[in-house]
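Be aware that the sequence shown starts at 204, since it is given in our numbering, and climbs by one per residue. Every residue, glycine too, gets a C-beta built ideally from N, C-alpha and C. This structure is a prediction, so every number in the text was calculated from the model and none was measured. Below you'll find the structure, written out as structure tokens, and then a few comments.
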Amino acid sequence: MPDQAQPGTTGKRVLVASATGYLGKFVAMAFKRRGYWVRVLTRSEERLHSRGPFTAPAISRDDVDDIFVGELTRPETLAGLMDGIDIVFSSVGISRQRDGLSFEQVDYQCNRNLLDLCRESSAKQFVYVSMQGAEHIGQLEITKTHERVVADLKQSGMDYRIVRPCGYFSDMGALLDMARKGRVFLVGEGNNRMSPIHGRDLAEVCVDCSEGSETEVEAGGPDVMTQREAGELAFDVIGKPVKMTVIPLWLAGALVKLIRLLSKQFGDLAEFIVVAGEIDGVGPPLGTTSLRSYFERLAAGDPDA
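What follows is the structure, encoded as structure tokens:
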């Protein structure tokens, strides 16, 4: 049970689920900076204290007020998780997990379990991160599960907030990695427009959204560019000639089917990458960190890029 005498300067307590993920790490620290009492939920305290891919920060015991080790896939491990909590934040979802679980099991059911715990507790608000442009890719399994969570939140009677980012800088970091190796691979011609946002900037948007009155907020970074232009930028930053290989959409679709035969989880992820690469993803420029500055700091080995 948390110390009831120390609720933070805001007087509010927040639970950050997905605290070992790229966005969750930034969000936990953003709430703490704003004066909230912060509890984080993690399956692994070791991962919490380690840096994540693409400059996701390590979280020390001094960065949060309470660390709760448990698993949303196992509700029996969550007794006491919601004690004293006012606000719940979740960006829980499959990203790079290799545990064989499906979008239904993680993106939907884990968030559903969290919402059920909220409704049995004193928590008043639930902040959830879905995706921008879901209406254009509603046929995908990942979209269906995210939007089921959104629908459940809207029907829950809780004060809810939905944040819809236009892509993450962590995904752009993969472009820089490919450029370092000498070649960037594009699915399709790479002419779809996007405005991805840094996790640190998006975390501030999430806290702003919690404190504001808008129930749904789209969030992009300051730059609007095509995937091809982002790849060219990566080569420019590292000082190598541009070398790109286009994977035709028909071939990408065939590869998705092959991957799905081996692993449904990774097949669904591959389908999302292919289909999302065909549509624009541009939103309000709420982030301030430019993609160039991010690439430059990544290339220089800055752990806090």
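Does the beta carbon of residue i come closer than 9 Å to any beta carbon on chain B?
i	result
MET397	Included in the structure is just one protein chain, with no chain B present.
Please report the straight-line C-alpha distance between residue i and residue j, rounded to a whole angstrom.
i	j	result
TYR331	ARG315	11 Å
GLN207	ASP289	With a pLDDT of only 43 at GLN207, under the threshold of 50, the placement of this residue in the model should not be trusted; the figure read from the coordinates follows. For GLN207 and ASP289, the distance between alpha carbons rounds to 12 Å.
GLY255	SER293	18 Å
PHE469	THR212	43 Å
GLY341	LEU458	21 Å
VAL243	LYS446	42 Å
GLU414	PHE388	40 Å
ASP310	VAL353	11 Å
GLN328	GLY434	39 Å
ARG264	ILE270	8 Å
ALA337	GLY370	12 Å
ALA508	ILE262	16 Å
THR348	SER333	10 Å
ARG351	LYS384	39 Å
SER416	GLY283	29 Å
SER247	LYS228	13 Å
GLY214	GLU274	27 Å
VAL420	GLY484	14 Å
LEU379	ARG495	11 Å
GLY238	THR346	33 Å
GLY456	VAL477	7 Å
LEU461	HIS252	37 Å
SER221	ALA479	23 Å
ARG463	VAL291	34 Å
GLY442	PRO506	20 Å
LEU226	ARG386	28 Å
MET204	THR245	Bear in mind that a pLDDT of 38 at MET204, under 50, signals an unreliable position, so the number given afterwards is only what the model happens to contain. Looking at the two C-alpha atoms, the distance is approximately 17 Å.
GLN308	HIS339	23 Å
LYS357	LEU304	26 Å
Can you round the beta-carbon distance between residue i and residue j to whole angstroms, since I take them to be within the 8 Å contact cut?
i	j	result
ASN395	GLU481	6 Å
ASP411	PHE306	Between PHE306 and ASP411 the Cβ distance is about 28 Å, and since that is not below 8 Å, they are no contact.
ARG250	THR223	4 Å
ARG364	THR429	With 8 Å as the limit, ARG364 and THR429 do not qualify as a contact, their Cβ atoms being about 30 Å apart.
Considering only DSSP beta bridges, list what residue i is partnered with.
i	result
GLY484	MET397
ARG242	LEU218 and ASP269
TYR363	PHE329
THR491	The partner list for THR491 (beta bridge, DSSP) is empty, contrary to what the question assumes.
PHE388	THR448
PRO368	ALA422
Just to confirm, is the Cβ distance from residue i to residue j under 9 Å?
i	j	result
PRO425	SER466	no
ALA406	VAL230	yes
ILE400	PRO368	yes
SER373	PHE498	no
VAL390	LEU452	yes
ARG403	THR492	yes
GLY486	GLN335	yes
VAL449	GLY393	yes
VAL408	GLY490	yes
CYS313	MET285	no
GLY376	LEU501	yes
PRO260	MET232	yes
MET381	ALA437	yes
LEU317	SER359	no
TRP240	VAL217	yes
ARG235	VAL267	The sequence shown places Lys at residue 235, rather than the Arg named in the question. Contact: yes.
MET325	GLY287	With the sequence shown as reference, residue 325 is identified as Ser, and Met is not the correct amino acid for it. Closer than 9 Å, so yes.
LEU162	GLU432	Lying before the first or after the last residue shown, residue 162 is absent from the chain, which here runs from 204 to 508.
Mind listing, in chain order, the continuous beta strand (DSSP E) runs of no fewer than 3 residues lying wholly within the stretch 269–354?
269–272, 290–293 and 328–332, all fully within the stretch 269–354.
Going along the chain, which unbroken runs of the beta strand (DSSP E) with 3 or more residues stay wholly within the stretch 403–457?
Correct list: 419–422 and 447–450.
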